[in-house]
Amino acid sequence: MMSKHEKTYTTQANFMLHGGDYNPDQWLDRPDILADDVKLMQLSHTNAFSVGIFAWSALEPEEGVYHFEWLDEIFDNIHKIGGRVILATPSGARPAWLSQKYPDVLRVNENRLKQLHGGRHNHCFTSEVYREKTQNINRLLAERYGNHPALLMWHISNEYGGECHCEKCQHAFRDWLKEKFDHNLKSLNDAWWTPFWSHTYSEWSQIESPSPIGENAVHGLNLDWRRFITDQTISFFENEIVPLKELTPNIPITTNFMADTHDLIPFQALDYSKFAKHLDVISWDAYPAWHNDWETTADLAMKVGFINDLYRSLKQQPFLLLESTPSGVNWHNVNKAKRPGMHELSSMQMIAHGSDSVMYFQWRKSRGSSEKFHGAVVDHDNSSENRVFKEVAKVGETLEKLSKVVGTNRTSDVAILYDWENNWAINDAQGFGMETKRYPQTLQEHYRTFWEQGISVDVITKEQDFSGCKLLIVPMLYLVSEDTISRLKTFVANGGTLVMTYISGIVNEHDLTYLGGWHQDLQEIFGMKPIETDTLYPNDKNYVNYHNKTYQLKDYATVIELTSANAEGLYQDDFYANTPAVTSHQYGEGKSYYIGARLNDPFHRDFYKGLLKDLSLEPAAPVKHGKGVSVQVRQDHQKDYVFVMNFTEETQPVTFESTVKDMVTGEEITGEITLEKYEVRIVEKNS
Ligand code: GLA
Ligand code: ZN
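Using this note's numbering, you'd call the opening residue of the sequence shown number 106 and step up by one each time.
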């Protein structure tokens, strides 16, 4: 955070990767198509291909019978055109013989129903056989391709997720708990508050994973189960990479992370902050529903920016966009095609926030089965002449001009804290508003004003060092350990500015509420204490008067008792009318703010404007622009690379206040220019 970064070549490539998931295994009886692929790869300006993701049955059609010749040829063909291979391990889907012969690889769902063979992403993470089989095929891949000059990176499995409730997993869960609670069942009972509804366990064997047909009311159990799922997934992953680390220690390892799509919030089911530590490179699959009918293009772009800044911040280094679609997907409710220009704009947005790649699912549209209508670089027409192909090729040409940007990072003085465990606990909490908690969305609402102004934000997790940032924003930090509280205290004491909101500091890491009122350290930091949290119906109206302006609130209002804080804003109505809604407090060398109500965008804009002024924080690039235009910057020691992106349907004037050079056209620009609808300009300037 803060200081400018050395370049980090996460993939060891010093050029932007452009390409995607390539499934020649679906076309092995069509050498003509495979030959066309090679020509089309060149025409599309693509250079990197994720191969083998679901190719297990082509690699090992029968147990112990291996066919690598086809993959040898693919490697060589890609190498001949100067391309690189991102080699996948095939564990995301398995051959039928494997499920048939070793049924314990099949998952059992939360209703304790054993699943049949089929689909994908559905194995038991604990199964010894599956672990052995995946390690075996991975070893063979590493032995055969580990020294191939085209090999760039390992793509481990595909979009890890889901959970298994089989007996082996129950045993593993109990062992995990025994270790966590030092083999002391009483500690577990205490931490989980099990006397509630007579749920006290008298033997470890009574513990079962949460289930709709069994236990689901013990929040400590739910939380630990989710933690276990993350750990067990990582343990499966670690088992997969044993031979790769041994045979190819210099080849970086990634796996593709996801986002939950409708609201475009971080993937919920796994704690990526833990997973990140096991990867060399973070990568993710981005499928925003561009041109949807429920939000503006700029709103959606802001959300994409937020996730990018979260995934970039997980390792504080550039990441990869490993999948995206050149046009529409096949699994949204409405699978709208990207309008002309949107493909380049949305791709460059990823680069602007720290991606060193634009990769697609998929290279060639499959002919049959469920993804035959998913967007692809090469359509069923096998042509390089259609609109989508041409837009892809144009993105490739642009990326070729951005090699200097590879490895650069962003410089942020502002951080927002996102915590997966907090999200799990807050969603589990029965109370507040069942449908209005919206923790990740709330973070996005705070992020918006910085995104609009072109102020870089790191979205960090709780174990990261936040001592380097000037402004730390922790909305809705419901679950917070004593340790985190004490780190927040040190942060403010040493001069940091901290913003906290309603529904924060309520439970500890076991999801047990703090007793005796708000935590003493929090009271000291903030000079106040929350007394009650009021939950509002959608039609309830109330307002906060803050610095002579009035802002509407919704969903939540905290009744506050001041000790030494200043009231910066007061509630207008209800039984807490004229009591503090927003407070500030000097603590040590720093300052803290508590926002008691869920307030609207105009409030966030004005509130943070004041803070930015106090902290002398300014946009990273001197570019004047209107709403819906996003200016994002990547930097190295010498240069700023500035991405100016029009996420509106209108033309937009933007003004460069210093002379910059367009990285695509080479043109020098000063002063005002006009951006067309969805246009993006990428410029460099000395920093
Ligand atoms: C995911 C998967 C891909 C493909 C795409 C479709 O990201 O990883 O295999 O199914 O979705 O959008
Ligand atoms: Zn299992």
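All C-beta atoms, glycine included, are put in the ideal place defined by N, C-alpha and C.
Where does residue i land, buried or exposed, given buried means 16+ other C-beta within 10 angstroms?
| i | result |
| --- | --- |
| His123 | buried |
| Met469 | Note that residue 469 is Arg in the sequence shown, not Met. Buried. |
| Met107 | Caution is warranted here: a pLDDT of 49 is assigned to Met107, below 50, making its placement in the model unreliable, and no coordinate value can be reported. |
| Trp330 | buried |
| Asp142 | buried |
| Phe230 | buried |
| Tyr642 | exposed |
| Pro136 | exposed |
| Gln625 | exposed |
| Trp399 | exposed |
| Thr335 | buried |
| Val785 | buried |
| His110 | buried |
| His690 | buried |
| Ser307 | exposed |
| Tyr114 | exposed |
| Val678 | It is worth fixing the name first, because residue 678 is Asp in this sequence and not Val. Under this definition Asp678 is an exposed residue. |
| Ala520 | buried |
| Gly319 | exposed |
| Tyr171 | exposed |
| Asp130 | buried |
| Gln117 | exposed |
If you compare alpha carbons, which of the options is closest to residue i?
| i | options | result |
| --- | --- | --- |
| Glu476 | Ile456, Asn440, Asn705 | Asn440 |
| Glu637 | Arg739, Gly622, Leu326, His709 | Gly622 |
| Asn751 | Trp556, Gln628, Ser669 | Trp556 |
| Glu237 | Glu248, His222, Leu203 | Leu203 |
| Gln275 | Val213, Pro423, Pro300 | Val213 |
| Thr338 | His324, Met539, Lys379 | Lys379 |
| Gly695 | Gly251, Glu284, Ala277, Gly601 | Gly601 |
| Tyr783 | Met363, Thr753, Gln373 | Thr753 |
| Phe478 | Trp436, Gly512, Leu133 | Trp436 |
| His448 | Ser429, Ala457, Asn438 | Ser429 |
| Leu667 | Phe631, Gly223, Glu568, Ala457 | Phe631 |
| Met121 | Phe424, Trp132, His184 | Phe424 |
| Gly251 | Trp175, Ala193, His228 | Ala193 |
| Ser451 | Glu789, Leu405, Ser316 | Leu405 |
| Asn683 | Ile700, Val649, Tyr661, Tyr416 | Val649 |
Would you say the beta carbon of residue i is closer than 7 angstroms to some non-hydrogen atom of the ligand ZN?
| i | result |
| --- | --- |
| Val760 | Note that residue 760 corresponds to Thr in the displayed sequence, not to Val. No; taking the cut-off as 7 angstroms, the Cβ of Thr760 has no heavy atom of the ligand ZN nearer than that. |
| Ser232 | yes |
| Arg212 | yes |
| Lys273 | yes |
| Cys269 | yes |
| Cys229 | yes |
When you measure from the CB of residue i to every non-hydrogen atom of the ligand GLA, does any distance come out below 7 angstroms?
| i | result |
| --- | --- |
| Phe362 | no |
| Asp639 | no |
| His479 | yes |
| Glu772 | no |
| Val500 | no |
| Trp259 | no |
| Asn436 | A quick correction: the sequence has Trp, not Asn, at residue 436. Result yes, Cβ under 7 angstroms from the ligand GLA. |
| Phe411 | no |
| Tyr465 | no |
| Asp390 | yes |
| Glu666 | no |
| Asp767 | no |
| Asp484 | no |
| Asp126 | yes |
| Asn263 | yes |
| Ala476 | Reading off the sequence shown, one finds Glu at residue 476, where the question assumed Ala. For the ligand GLA, at least one heavy atom lies less than 7 angstroms from the Cβ of Glu476. |
Complete runs of the beta strand (DSSP E) confined to the segment 677–754 [at least 3 residues]:
Runs of the beta strand (DSSP E) inside the segment 677–754: 685–692, 695–700, 702–704, 728–730, 734–740, 744–751.
Are the segment 653–663 and the segment 588–596 in contact at 8 angstroms, needing three or more beta carbon pairs?
The segment 653–663 is not in contact with the segment 588–596.
Counting Cβ pairs closer than 8 angstroms, one from the segment 291–303 and one from the segment 242–262, do we hit at least three?
Because the criterion of three Cβ pairs below 8 angstroms is not met, the segment 291–303 and the segment 242–262 do not touch.
At least 3 beta-carbon pairs within less than 8 angstroms: the segment 340–352 vs the segment 386–396
No, because fewer than three Cβ pairs between the segment 340–352 and the segment 386–396 fall closer than 8 angstroms, the two stretches do not touch.
Could you check whether the segment 601–618 touches the segment 527–541, counting it as contact only if at least three pairs of C-beta atoms, one from each stretch, sit closer than 8 angstroms?
They touch, by the three-pair rule.
Can you find at least 3 beta carbon pairs, one from the segment 577–586 and one from the segment 496–503, that sit closer than 8 angstroms?
Output reads no: the segment 496–503 does not touch the segment 577–586.
Count the CB pairs spanning the segment 179–194 and the segment 147–166 that are closer than 8 angstroms, and state whether there are at least three.
The segment 179–194 vs the segment 147–166: in contact.
Between the segment 743–762 and the segment 726–735, are three or more C-beta pairs nearer than 8 angstroms?
Segments in contact, yes.
Is there contact between the segment 734–741 and the segment 557–570, where contact requires at least three CB pairs shorter than 8 angstroms?
Judged by Cβ distances under 8 angstroms, the segment 734–741 makes contact with the segment 557–570, as three or more pairs qualify.
Give the list of continuous alpha helix (DSSP H) stretches no shorter than 4 residues that lie fully inside the segment 243–307.
Listed in chain order, the complete alpha helix (DSSP H) runs (minimum 4 residues) inside the segment 243–307 are 272–285, 290–297.
The segment 256–266 contacting the segment 277–287, beta-carbon criterion three pairs below 8 angstroms:
As far as the Cβ criterion goes, the segment 256–266 does not touch the segment 277–287, which means the pair count is below three.
Are at least three pairs of beta-carbons, each pair with one atom in the segment 508–516 and one in the segment 444–463, less than 8 angstroms apart?
Under the 8 angstroms Cβ criterion, the segment 508–516 counts as touching the segment 444–463, having at least three qualifying pairs.
What are the start and end residues of each continuous alpha helix (DSSP H) run of 4 or more residues lying completely inside the segment 604–684, in chain order?
Whole alpha helix (DSSP H) segments, 4+ residues: 625–631.
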